[in-house]
Amino acid sequence: DDYIDYLKSSNIDMSASSQDSLFYKAAEERYFNADYNAAISAFSSYLNKFTNGYFVDEANYYTADCYYKSKDLIGALKYYELIADKSNSPFFERSLKRCATISYLTSKDYVKSEKYYGMLYKLNKGRDDAFAYLMNALRSSYLAKNDEALLAYSTDVIQNTNATKVDVLEARYYKAGVLLDKNDYDN
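Just add 2 to wherever you are in the sequence shown, counting from 1, and you've got the working numbering.
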């Protein structure tokens, strides 16, 4: 701000895109120097000043990461979710992982963790880590009492070649509980 004010007082014009870049780079430098509190403040200033700026995704992701590295996981979640709601961001999958983990382990928001693990499972089908996401989506749907999702995930687990006998038993247990609650004795 001071530098831009100085330029203005000297009758030197700076384009909006140059100001956008300058503000972002100043915040980014603080982040890469591991000065997380200063980076949070600088990114916040950038995001307030340039709500549709060129580096909004980066600023949101790095703000989340600053909170994460500072052990403020709930603060981090807010910014990771901003990225996780946009599938076209280069930070999308990393943000989904953090959203899922924080929602499940820290905030115990199983509706959110089921959403994010489910998204990760769909995004990664056919890859090695897809099964872990499937199991976490199954457990989250059970804890969130999302019966429809639980039935779908349990079927996927039961049919999955990566599932161990214990995984299959867990999926059948959850599925049986839902079916009993629905008085569905045929499935």
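Beta carbons: idealized from backbone N, C-alpha and C, even for Gly.
Here the structure is a predicted model, which means the values were calculated and not measured.
Annotation note: the stretch 152-186 contains the following uninterrupted alpha helix (DSSP H) runs of length 4 or greater, listed N- to C-terminal: 167-183.
Secondary structure of residue 50 (DSSP, three-state): helix. Rounded to whole angstroms, residue 73 and residue 108 show a C-alpha spacing of 11 Å. Residues 62, 65 and 66 of the same chain have their beta carbon placed closer than 6 Å to that of residue 81, with the five preceding and five following residues left out of the count. Listed in chain order, the alpha helix (DSSP H) elements of length 4 or more contained wholly in the stretch 77-152 are 94-103, 112-126 and 132-146.
The DSSP-derived three-state label of residue 34 is helix.
In the three-state scheme derived from DSSP, where H, G and I count as helix and E and B as strand, residue 45 is classed as helix. For residue 160 and residue 105, the gap between their C-alpha atoms comes out near 25 Å. Pairing residue 30 with residue 119, the inter-Cα distance amounts to about 29 Å. The C-beta distance from residue 123 to residue 135 rounds to 4 Å, short enough to fall under 8 Å. For residue 175, the closest C-alpha among the options 44, 153, 162 and 26 is that of 153. Relative to residue 180, the option among 169, 156 and 41 whose CA is nearest is 156. Non-local C-beta neighbours of residue 91 in its own chain, meaning closer than 6 Å and more than five positions away in sequence, comprise 59 and 85, ordered along the chain. Separation of residue 125 and residue 45 (C-alpha to C-alpha, rounded to the nearest whole angstrom) is 29 Å. Membership of residue 74 in any alpha helix (DSSP H) is not indicated, and neither H nor E is assigned to it by DSSP. Of the residues 41, 48, 54 and 141, the one whose Cα lies closest to the Cα of residue 70 is 41. Rounded to whole angstroms, the gap between the alpha carbons of residue 151 and residue 19 is 45 Å.
Cβ-Cβ distances below 7 Å link residue 111 to 105 in the same chain, with the five nearest sequence neighbours on each side left out; the list follows chain order.
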